[in-house]
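Enquirer: If you scroll down you'll find the structure; I have some questions about it.
2 protein chains.
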Amino acid sequence: MEKIANGLYRLTFGEPEELTPVSVLKPEPRFGELNARPDYGIPFPEEEICCRRRAGSFLVEVPLSPEEDLYGLGLMLKSFRQTGRKKLLRANSDPAADTGDSHAPVPFYLSTAGYCILIDTARYVTLSMGNCKIRGSRQDREGFESAGTEYGHWWVKAGSGNLFIDIPAARGVELYVFCGEDMKDALARYNLFSGGGVLPPIWGLGVMYRAYMHGDRERIYTLAKELRKSEMPCDIFGLEPGWQTHFYSCTYQWDEERFPDHQKMLTDLADMGFKVNLWEHAYVNPQSPVFEDLKPYAGDQYVWDGLVPDFATEEAQRIFAAYHAGLVREGISGFKLDECDNSDFTANWGFADFTQFPSGLDGEQMHTLFGALYQKTIIRVFEKENVRTWGEVRNATAFAAPNPYVLYSDLYDHEDFVRGMASASCSGILWTPEVRQAESEEELLVRIAAAVVSPQMVINSYQVKMPPWVQWDTAKNLEGERLPNADELTQKCRSLLNMRMKLIPWLYAAYYTYYEKGIPPIRPLVLDYPDDQTARPVYDEYLLGEGLLAAPVIFGKGDRRRIWLPKGNWYDYDTGFRLEGGQWMERKVRPGDLPLFVREGTLLALAEPEQYIGEHTCFRLHLTAYGAEKCSLTLISDDGVSCCYQKGVRKIQYTADRDGLVEPEADERYCVVDYKRII
Amino acid sequence: MEKIANGLYRLTFGEPEELTPVSVLKPEPRFGELNARPDYGIPFPEEEICCRRRAGSFLVEVPLSPEEDLYGLGLMLKSFRQTGRKKLLRANSDPAADTGDSHAPVPFYLSTAGYCILIDTARYVTLSMGNCKIRGSRQDREGFESAGTEYGHWWVKAGSGNLFIDIPAARGVELYVFCGEDMKDALARYNLFSGGGVLPPIWGLGVMYRAYMHGDRERIYTLAKELRKSEMPCDIFGLEPGWQTHFYSCTYQWDEERFPDHQKMLTDLADMGFKVNLWEHAYVNPQSPVFEDLKPYAGDQYVWDGLVPDFATEEAQRIFAAYHAGLVREGISGFKLDECDNSDFTANWGFADFTQFPSGLDGEQMHTLFGALYQKTIIRVFEKENVRTWGEVRNATAFAAPNPYVLYSDLYDHEDFVRGMASASCSGILWTPEVRQAESEEELLVRIAAAVVSPQMVINSYQVKMPPWVQWDTAKNLEGERLPNADELTQKCRSLLNMRMKLIPWLYAAYYTYYEKGIPPIRPLVLDYPDDQTARPVYDEYLLGEGLLAAPVIFGKGDRRRIWLPKGNWYDYDTGFRLEGGQWMERKVRPGDLPLFVREGTLLALAEPEQYIGEHTCFRLHLTAYGAEKCSLTLISDDGVSCCYQKGVRKIQYTADRDGLVEPEADERYCVVDYKRII
């Protein structure tokens, strides 16, 4: 055991593998910030930790107590609290069950006992999280009965055993144990070890609209104009596969037939305030300009007849990045990195686990690291230009916090989509419950409302020609048939999109805290209330920054919403009513409702909605103090787009006391137009 | 490479593991029958076979041609033709997707090129069945394009590469290659190598009715009497968990409160013609009489606080069998062996892969072998009594053909249930699409009709008090509310159950062929027509024995059924119409319809339906010759219940020529009451 920072320990077992997330992804820990925090020891009996080699794998046992609840493991759409479960962590698209397959599994878990553990492996690790009762173990000796729980007789009781980590192929492993004041502090330390959370470009917090996949230049112009004309906020305009000459596999070359003079189109869109984002994946078609150069730096297997670049080699990164720099110089703000997970559930198109790569990685390890390395490759293009990027990705793993990428999925169950925000947040990753289609007006509104309070708001209309608020029915949309009540529905949706725009200063400050302190900007209740037994399983309520609680409505769950308010006093944002916490409340909800609650003592800032965030946007703020006490708020002011924030930002501090609002010096990014206090 | 029988080769790679299906399950090959068959060489380029060790696993490559189609892998509910797919074979209950998880995965596949391969491993093997295009491979050199198929751009073309077998933990493996005249012959040789197919006790081919799980002795009497009074055929009466004092985990002791004087009940049921079958699983409760004795011969982990017996040790088998011998002597005819797979998809109750067993097996290997060893343990009880048993089981693996067990599942999609018969048949295992519940009269009828042509007909009414034909609605059934049209529905269901009873002599002969020649009794078209490209993917039509084709209707697929008739002439069983094969026919179907077709040249025997098959049942046969040619039929006559058939049976041969039926000598098992010819 080696202490490597305050509260951070590296435990080495056996002979660890050479190629792991730490050695390949090379996180850049913020040791300064880590060591400025108090020191903590490991809060479980170290003498119970043990390990053994077994046929084909390496096993580590970590003590658990029956009181502990466990979270993390990456993006888990079908579960949040992991206590008592078994999970096999494999990168995979479209998992059909809650077995650990995920777009973004992360070999990392956190405990309500105030620690978290990173398992430094790129293998498909299996975790048994307290469901295995071993004969002669502490649990056996103490007479813990494992059979029969509240779920039914076949559900094993959580706490039946310790936690077991089973790592195939390995002969050893290193664990990083992050210990803190509580679970949130431990998680923050992990995020700081990863390099700190991402600060998106400020326009990234606006609305992303992804356009019809079969559209051409004219369709793009029509859509862009319609968005602006209808005053629907949009910052990012996404182009889907069809911008390329070939896309399964990819050439990364503009299709000049569908997009003649694409440079002019990009300039025109920029003039209208749109950032442009391009879809791609990393399987390189033989017709791509980079194919020949990448040949020596690719795996020994094709995907869709395309090369699989070995981004663990500097050469593959350099060649791929150099080409993409050309696209960026043309004005592209970011990329959607598709298909970088794997496909055990859909069509089996991925490279096999036994693929061999020049770096020495095999296919299994590469599947774990591929998304992270792909992101790294693209990020370097933008860093070189001293400009932030922001995009979507379909695979991530450890140390993802600093990456300007949000996860998405082709799955679509709305409860799963909301739950994903909870599990992702506990794993140093970001997730968007994108709005892709709807079978009804109600579904559209409910889904958009939930997206308002997500890390990135995405309207992914790649299947339809017109925006969904003028026609949610896919077939009719493609036929150009507008809803009779298109104007009314557009108005309702505009109101929700505007709510997102109002939240931008607040979210930008929350993201800055993610960057500076490692605390996730949007997080489930348990992180702030780990000892609240009722809050522990709650996966559909979130704290946005400090003091704002969102309880998005889940589609298909009826017109009533039960909401757990943690201890303390809260104010219903819509009505201003004061509510006592520590109890459930039930509220009638209509489609498009977005239940928000403000904690007493919060100074809330909402901006007047913009159509998009430009270089010189000045947010006109409405401030509200909740409760009788003095309260304050810090907003972040910088250029919003360059990497210079890493050298410092202006922190704009507002204070509301009995005498009213104490405003800071004037700042070009913010001005207060309104202040009130609700008691 | 070692030739071990005509057409059978053992290929050894690296250093194979010690504990494998061959070494642990010890199949008893029928070498006499195997060597009586013609010799064949391996029909693919042997020089392309290669292997390598890689981190944590062992990889074998077997050549594939793009023309080959592949089948097998065990019970696969969501796929039949495996060409181009990747499958990770893991024993698991309730798999949610088509990834290789299955109640009964079998490391075995067969090819339309006329061979099959058994991979002798108890590991969770991954097969890539022609979906991996390797750079520089034959497929690459020959310019095979892997991208884009009829399914969509992300579907990789089958034939993109060779077949890869990836075996975790292993440093070597043995493959058994069975070569034959065609795929069916190769499969038959595998079944003969396994010991030949099972011949069930003749009553096993009748109807199994599983009774209400919360029922007591009175409920059982009521049900038994109702079945007989309403003349619903039933041979086997199944008792669910509640017969025991404790069942999660199991004590295997009668609950004398619910079943006072159970011995009298068993005798009474036997007098009414019922065989009794008991539910159990193998996790041994501390209160079980065998718990203490089994302690030294169990894994190091509990399941539901129960021991996991190591049935790979003689001692565990002996202790468990000795106890069960007592139950058998009380009159029990067989057992339903539940929960012997694993639970990655449901509640995570199974023992972990890292469990250690006294025999040296680890949890992973044990999960592969557990069902087979459990069956073996129970079979020895009955063999000792020289009596056949017949039951259900939830896990199986290689060499299952001789075992008197049929697989079942808690899943329920009807298309999957029908498809399961196809994949199981190609893997040396049996599967029942049991009828468990229905949301409508239509669903009940459709499901019962499909069960008529399955390896075992099961009405699993464990959730309801009364038979489903008097009330299919579960809630109303529990309240004792009979359908207004209960008599009419009972009549329709009786007609289907009677159809099953009519088929018994025919099925018994088909099962005897399974025993004698290894040919599955109920099998998909491709086995008999491997070169018929249209027949290759068909998973919902079956040959029953020789010359009878069943095309069960699938629930929820509308009122029309498309049926592929292979080349040759066929007769519609219902109408007697002659149909030309080699084409699709479409037929309107009503609930309860069971489309059957008889191949020209077949002499079909159907019996008058019995209520149950007793020791001295004599089947009254109706024979029909189809077509103008001379045709013949062999039925099997023996005591139907003992193991003496292994020393020979009476083969009763019927021949129909221009002059009419040539009857054999009188036999106590069969008499002909009717003969006709349809031209």
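Chains S and C are the protein sequences, given in the same order. In terms of the numbering used here, the first sequence is numbered consecutively and its last residue is 708. In terms of the numbering used here, the second sequence is numbered consecutively and its last residue is 708. Where a beta carbon is used, it is the ideal one built from N, C-alpha and C, also for glycine.
1) Output the distance between the C-alpha atoms of Leu-556 of chain S and Gln-111 of chain S, rounded to the nearest integer angstrom.
2) Pick out whichever of C:Glu-414, C:Gln-562, C:Ala-564 and C:Lys-617 has its Cα sitting closest to the Cα of Gly-587 of chain C.
3) Using a Cβ-Cβ distance cut-off of 8 Å, determine whether Phe-383 of chain S contacts chain C.
4) From Cys-455 of chain C to Leu-298 of chain C, what distance separates their C-alpha atoms?
5) For Gln-599 of chain S, which option in S:Gly-392, S:Thr-631 and S:Tyr-281 has the closest C-alpha, if you only look at C-alpha atoms?
6) Between Phe-276 of chain S and the rest of its own chain, which residues show a CB-CB distance below 6 Å, the 5 nearest in sequence each way excluded?
7) Between Gly-225 of chain S and Ala-430 of chain S, which are expected to be in contact by the criterion C-beta below 8 Å, what is the C-beta distance as a whole number of angstroms?
8) Taking 8 Å as the CB-CB cut-off, is Pro-45 of chain C touching chain S?
9) So, is the C-beta of Cys-279 of chain C closer than 8 Å to a C-beta in chain S?
10) Please identify the residue among C:Gly-576, C:Pro-553, C:Asp-334 and C:Leu-578 whose C-alpha is closest to the C-alpha of Pro-566 of chain C.
11) For Glu-321 of chain S, which of helix, strand or coil comes out of DSSP?
12) What ranges does the beta strand (DSSP E) occupy inside the segment 569-611 of chain C, keeping only unbroken runs of at least 3 residues that lie completely in it?
13) Classify Arg-772 of chain S: buried if its beta carbon has 16 or more other beta carbons within 10 angstroms, exposed otherwise.
14) Can you name the residues of chain C whose CB is closer than 8 Å to the CB of Glu-174 of chain S?
15) Mind pulling the alpha helix (DSSP H) runs of 4 or more residues that sit fully within the segment 268-344 of chain S?
16) Specify the secondary structure class of Ile-33 of chain C as computed by DSSP and reduced to three states.
17) Along the alpha helix (DSSP H) that carries Gly-188 of chain C, what are the first and last residues, could you check?
18) Three-state secondary structure (DSSP) at Thr-461 of chain C?
19) So, at 7 Å on beta carbons, what are the nonlocal neighbours of Val-499 of chain C in its own chain, with the 5 sequence-adjacent residues on each side left out?
20) What does DSSP give as the partner residue(s) for Gly-420 of chain C in the beta ladder?
21) Of the residues S:Asp-686, S:Gly-677, S:Thr-663 and S:Asp-688, which one's Cα is nearest the Cα of Tyr-699 of chain S?
22) Which residue's Cα is closest to the Cα of Gly-585 of chain C: C:Asp-284, C:Leu-474, C:Ala-539 and C:Ala-350?
23) Under the DSSP definition of a beta bridge, which residues are partnered with Val-701 of chain S?
24) Consider the Cβ of Phe-340 of chain S: report whether some Cβ of chain C lies at a distance smaller than 8 Å.
25) From Thr-128 of chain C to Pro-338 of chain S, what does the alpha carbon distance come to, in whole angstroms?
26) Which residues does DSSP list as the beta-bridge partners of Phe-364 of chain C?
27) Please compile the residues from chain S whose C-beta is within a distance smaller than 8 Å of the C-beta of Trp-184 of chain C.
28) For Ile-163 of chain S, go through chain C and note every residue whose CB falls closer than 7 Å to its CB, in chain order.
29) For Thr-503 of chain S, would you say it is in contact with chain C, using Cβ-to-Cβ distances shorter than 8 Å as the test?
30) Counting only C-beta atoms, is Gly-677 of chain S closer than 8 Å to chain C at any point?
31) Please list the terminal residues of the continuous beta strand (DSSP E) segment that includes Gly-400 of chain S.
32) Grouping DSSP H, G and I as helix and E and B as strand, with all else coil, what is Pro-50 of chain C?
33) Going along the chain, which unbroken runs of the alpha helix (DSSP H) with 4 or more residues stay wholly within the segment 65-121 of chain S?
34) Could you list which residues in chain C have their beta carbon closer than 8 Å to that of Lys-115 of chain S, in chain order?
35) Just how far apart, CA to CA, sit Lys-324 of chain C and Cys-145 of chain C?
36) Could you name the residues of chain C that Leu-88 of chain S contacts, counting a contact when the two beta carbons are closer than 8 Å?
Expert: In this structure, then:
1) In the first sequence, counting from the first residue as 1, residue 556 of chain S sits at position 527. In the first sequence, counting from the first residue as 1, residue 111 of chain S sits at position 82. Whole-angstrom Cα-Cα distance: 14 Å.
2) As a first step, residue 587 of chain C is located in the second sequence; it is residue number 558 there, counting from the start. For Gly-587 of chain C, the nearest C-alpha among the options comes from C:Lys-617.
3) Here residue 383 of chain S is taken as the residue at index 354 of the first sequence, counted from 1. True, the Cβ-Cβ gap to chain C drops below 8 Å.
4) Reading the second sequence from its first residue, position 426 is the one you call residue 455 of chain C. Reading the second sequence from its first residue, position 269 is the one you call residue 298 of chain C. Answer to the nearest angstrom: the Cα atoms are 37 Å apart.
5) Position 570 of the first sequence holds residue 599 of chain S. Note on residue identity: the sequence assigns Trp, not Gln, to residue 599 of chain S. Residue S:Thr-631 is the option with its Cα nearest to Trp-599 of chain S.
6) One-based indexing of the first sequence puts residue 276 of chain S at position 247. Here the set comprises Pro-270.
7) Taking the first sequence and counting its residues from 1, one reaches residue 225 of chain S at position 196. Taking the first sequence and counting its residues from 1, one reaches residue 430 of chain S at position 401. With a Cβ gap of about 7 Å, Gly-225 of chain S and Ala-430 of chain S count as contacting.
8) As a working note, residue 45 of chain C is residue 16 in the second sequence. With 8 Å as the cut-off, Pro-45 of chain C does not count as an interface residue toward chain S.
9) Locating residue 279 of chain C in the second sequence gives position 250, counting from the first residue. No, no contact with chain S.
10) Here residue 566 of chain C corresponds to residue number 537 of the second sequence, with the count starting at 1. Taking only the C-alpha atoms, the option nearest Pro-566 of chain C is C:Pro-553.
11) Taking the first residue of the first sequence as position 1, residue 321 of chain S is located at position 292. Here Glu-321 of chain S sits in helix by DSSP.
12) 571-573, 577-579, 589-594, 598-601 and 607-609
13) As shown, chain S starts at 30 and ends at 708. That puts residue 772 of chain S outside it, with no answer to give.
14) As a first step, residue 174 of chain S must be located in the first sequence, where it is residue number 145. Asp-334, listed in chain order.
15) 291-300 and 320-323
16) Counting from 1 along the second sequence, the entry for residue 33 of chain C is found at position 4. Strand at Ile-33 of chain C.
17) In the second sequence, counting from the first residue as 1, residue 188 of chain C sits at position 159. That residue, Gly-188 of chain C, is in no alpha helix (DSSP H); it is neither H nor E in DSSP.
18) Here the question's residue 461 of chain C lines up with position 432 in the second sequence. Three-state result, Thr-461 of chain C: coil.
19) Within the second sequence, the letter at position 470 stands for residue 499 of chain C. Once the five neighbours on either side are set aside, the close Cβ partners of Val-499 of chain C are Arg-511, Leu-512, Ala-515 and Thr-519.
20) Here residue 420 of chain C refers to the residue found at position 391 of the second sequence. Paired residues: C:Tyr-434.
21) Residue 699 of chain S sits at position 670 when you count from the first residue of the first sequence. Per the Cα distances, S:Thr-663.
22) In the second sequence, the residue the question calls residue 585 of chain C occupies position 556. Closest by alpha carbon: C:Leu-474.
23) Residue numbering aside, residue 701 of chain S sits at position 672 when the first sequence is read from its first letter. Note: Val-701 of chain S sits in a beta bridge opposite S:Leu-650.
24) Here residue 340 of chain S refers to the residue found at position 311 when the first sequence is read from its first residue. Answer no: the Cβ-Cβ gap between Phe-340 of chain S and chain C never drops below 8 Å.
25) Within the second sequence, the letter at position 99 stands for residue 128 of chain C. Within the first sequence, the letter at position 309 stands for residue 338 of chain S. The straight-line gap from Cα to Cα measures roughly 26 Å.
26) The count along the second sequence starts at 1 and reaches residue 364 of chain C at position 335. Beta-bridge pairing links Phe-364 of chain C to C:Leu-307.
27) As a first step, residue 184 of chain C must be located in the second sequence, where it is residue number 155. By Cβ distance, chain S contributes Ala-376 and Trp-378.
28) The residue labelled residue 163 of chain S in the question sits at position 134 within the first sequence. Within chain C, the residues near Ile-163 of chain S are Asp-329 and Gln-330.
29) As a working mapping, residue 503 of chain S is identified with position 474 in the first sequence. Judged by the 8 Å Cβ criterion, Thr-503 of chain S is not in contact with chain C.
30) Locating residue 677 of chain S in the first sequence gives position 648, where the first residue counts as 1. Gly-677 of chain S does not count as touching chain C.
31) For the purposes of this step, residue 400 of chain S is taken as residue 371 along the first sequence, with counting starting at 1. Here Gly-400 of chain S belongs to no beta strand (DSSP E); instead the alpha helix (DSSP H) covers 392-413.
32) Along the second sequence, read from residue 1 onward, the residue named residue 50 of chain C stands at position 21. Here Pro-50 of chain C sits in helix by DSSP.
33) none
34) The residue you call residue 115 of chain S lines up with position 86 of the first sequence. Under the 8 Å cutoff, chain C gives Asp-373, Asn-377 and Ala-381.
35) Here residue 324 of chain C refers to the residue found at position 295 when the second sequence is read from its first residue. Here residue 145 of chain C refers to the residue found at position 116 when the second sequence is read from its first residue. Near 40 Å, if we compare the C-alpha coordinates of Cys-145 of chain C and Lys-324 of chain C.
36) As a working mapping, residue 88 of chain S is identified with position 59 in the first sequence. The contacting residues are Phe-383.
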